[in-house]
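Asks: Questions regarding the structure given below will be posed in turn.
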Amino acid sequence: MKLLFVTGKGGVGKSTVTAALATFLASLKYKVGVVELGESRMSDFFNLPPIDYEGVDFNPHIKLFNLSAASSFKEYAAQHLPKHLIGLLQNKWTHSFIDATPGLNEILLLGKIHSLATRSDFDFVLIDAPATGHAISLCDAPRIAYAALQHGPLKSTVGEIWDLLHDSKQTHFLIVTQLEPGIVQETFELYTHLTRVLQLSVKGLIVNGLLPEEPVFTGKIPDSVPEAMKGLVDLVKVLQDKFKRQKKILENFSKTFPLSLTTLFWNGITTDESHLRQTIGLELKQWVLKNYSTKKS
């Protein structure tokens, strides 16, 4: 089983990449669990009703889960606490207790992820992880909790979570980015923190939203154009500027980033997220086959 966290700055396309990876892995006959934390996006990509904690089957190879700390807490309590205490937790104070306890939210979510990752029915578990700052907090929570806890089953669980996150043969991180100066800088900082501070295994970097050269008109735009064409001309100018900026950033990025870059081209403005999931899944084919090349029979 492989556990893969997909993270990066907010808005760079983490959910899209997660859904696309699941789609291509499923085409290789792998059984894939897809986990999102918080607000649901996967239901749009897979044309499904809202996804819940128990999980929704998309097809025989993909099952999707939407996790919350409150649901994880209830499940943990049912498994580890005496029955007469469980009823006391089914009230409005549960959420307040979780929110007020530092790191508990993250530990509960990671505990459920650990449970899914150790099940025998998945070849891959993909995590649509939070954006940069929250992702770092999520991954650092086991260290903080383990130091604070005394003996007991929760400390043992936290230790198992820590071991899973740091098992470089089983658990990997994939960073998604875009070619804008601020985003690239944050990507370097995230990579450095994950690898040097938390000592986690980053498997690759996905550069999303790259403008392809062919559709961008690179010739000189006339100084005078008909009024009806001004809107289109302005759009072409914006795309030209963005293409030049991306090209320069990509050249520098490729020279300085420690990992090889995988690029995904901009797919235009689309509301068909299911089609986008399948299209990008094919674009990720080479990355998947390079890193996880064994095809299921």
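Read in order, the letters of the sequence shown correspond to residues 7 to 303 in my numbering.
Note that CB positions come from ideal geometry on N, CA and C, so glycine has one too.
Could you work out which residue in T268, E279, K15, L267 is closest to H140 when comparing CA atoms only?
Replies: Position 134 of the sequence shown, counted from the start, is the residue given in the question as residue 140. Checking every option, the nearest Cα to that of H140 belongs to K15.
Asks: Where do the ends of the beta strand (DSSP E) carrying I286 lie?
Replies: For the purposes of this step, residue 286 is identified with residue 280 of the sequence shown, where counting begins at 1. Premise fails: I286 lies in the alpha helix (DSSP H), 279-289, not in any beta strand (DSSP E).
Asks: Under DSSP, the beta strand (DSSP E) around N70 begins and ends at which residues?
Replies: Locating residue 70 in the sequence shown gives position 64, where the first residue counts as 1. Per the sequence presented here, residue 70 reads as Leu, with Asn not at that position. Unbroken beta strand (DSSP E) run through L70: 68-73.
Asks: In terms of residues, what are the limits of the beta strand (DSSP E) holding N65?
Replies: By 1-based counting over the sequence shown, the position of residue 65 is 59. It spans 62-65 - the beta strand (DSSP E) in which N65 sits, taken as one unbroken run.
Asks: Looking at C-alpha atoms only, which residue of S207, F130, L211 is the closest neighbour of I189?
Replies: For the purposes of this step, residue 189 is taken as the residue at position 183 of the sequence shown. The residue with the shortest Cα to Cα distance from I189 is L211.
Asks: Grab me the residues of T163's own chain with a C-beta within less than 7 Å of its C-beta, minus the 5 sequence neighbours each way, in chain order.
Replies: Residue 163 sits at position 157 when you count from the first residue of the sequence shown. Here the set comprises G117.
Asks: Between F64 and the rest of its own chain, which residues show a CB-CB distance below 7 Å, the 5 nearest in sequence each way excluded?
Replies: Taking the sequence shown and counting its residues from 1, one reaches residue 64 at position 58. Only F52, L54, L70 meet the Cβ criterion.
Asks: Does DSSP classify E186 as helix, strand or coil?
Replies: Here residue 186 refers to the residue found at position 180 when the sequence shown is read from its first residue. In the structure shown, E186 sits in coil (DSSP, three-state: anything other than H, G, I, E or B).
Asks: What residue from T13, Q184, I286 has the CA that sits closest to I142's CA?
Replies: Walking along the sequence shown from the start, residue 142 turns up at place 136. Ranking the options by Cα distance to I142, first place goes to T13.
Asks: Report the CB separation of K261 from F128 in whole angstroms; it is logged as a contact under 8 Å.
Replies: In the sequence shown, the residue the question calls residue 261 occupies position 255. In the sequence shown, the residue the question calls residue 128 occupies position 122. That belief does not hold up - the Cβ atoms of K261 and F128 are roughly 38 Å apart, past 8 Å.
Asks: Compute the Euclidean distance between the alpha carbons of D169 and G44, then round it to the nearest angstrom.
Replies: As a position in the sequence shown, residue 169 is number 163, starting the count at 1. As a position in the sequence shown, residue 44 is number 38, starting the count at 1. About 24 Å.
Asks: Could you pull out every residue in the same chain whose Cβ sits closer than 7 Å to the Cβ of S46, ignoring the five residues on either side in sequence?
Replies: Numbered from its first residue, the sequence shown carries residue 46 at position 40. Answer for S46: P56, I57, N72, listed in chain order.
Asks: Beta-carbon within less than 6 Å of V23's beta-carbon, same chain only, minus the 5 sequence neighbours each way: which residues are those?
Replies: For the purposes of this step, residue 23 is taken as the residue at position 17 of the sequence shown. Contacts found: V12, V182, I212.
Asks: From the DSSP output, in three-state form, read off K254 for me.
Replies: Along the sequence shown, one-based indexing puts residue 254 at 248. Of the three classes helix, strand and coil, the one that applies to K254 here is helix, per DSSP.
Asks: State the DSSP-derived secondary structure class of G305, mapped to helix, strand or coil.
Replies: The first residue shown for the chain is 7 and the last is 303, placing residue 305 beyond what the model contains.
Asks: On the DSSP letters alone, give me the boundaries of the beta strand (DSSP E) that F263 sits inside.
Replies: As a first step, residue 263 must be located in the sequence shown, where it is residue number 257. Careful: F263 lies outside any beta strand (DSSP E) and carries neither H nor E.
Asks: Write down the C-beta distance between I119 and I133 rounded to the nearest angstrom, noting that I regard them as a contact closer than 8 Å.
Replies: In the sequence shown, residue 119 corresponds to position 113, counting from 1. In the sequence shown, residue 133 corresponds to position 127, counting from 1. With a Cβ gap of about 6 Å, I119 and I133 count as contacting.
Asks: For a test of the three-state rule: what should DSSP assign to H172, helix, strand or coil?
Replies: Translated into positions along the sequence shown, residue 172 becomes position 166. H172: coil per DSSP, three-state reduction.
Asks: Between H281, Q284, D173, which has its C-alpha nearest L10's C-alpha?
Replies: In the sequence shown, counting from the first residue as 1, residue 10 sits at position 4. Of H281, Q284, D173, the residue nearest in Cα terms is D173.
Asks: Does DSSP classify P136 as helix, strand or coil?
Replies: Within the sequence shown, the letter at position 130 stands for residue 136. P136: strand per DSSP, three-state reduction.
Asks: When burial is assigned at 16 or more other CB atoms within 10 Å of the CB, is G39 buried or exposed?
Replies: Reading the sequence shown from its first residue, position 33 is the one you call residue 39. Classification of G39: buried, given that the 10 Å Cβ count is 16 or more.
Asks: Assuming E166 contacts L144 (C-beta within less than 8 Å), just tell me the rounded distance between them.
Replies: Taking the first residue of the sequence shown as 1, we reach residue 166 at position 160. Taking the first residue of the sequence shown as 1, we reach residue 144 at position 138. Actually they are not in contact, since the Cβ atoms of E166 and L144 sit about 16 Å apart, beyond 8 Å.
Asks: Beta-carbon separation of Y82 and L114 under 8 Å?
Replies: Residue numbering aside, residue 82 sits at position 76 when the sequence shown is read from its first letter. Residue numbering aside, residue 114 sits at position 108 when the sequence shown is read from its first letter. In contact: Y82 and L114 (Cβ atoms closer than 8 Å).
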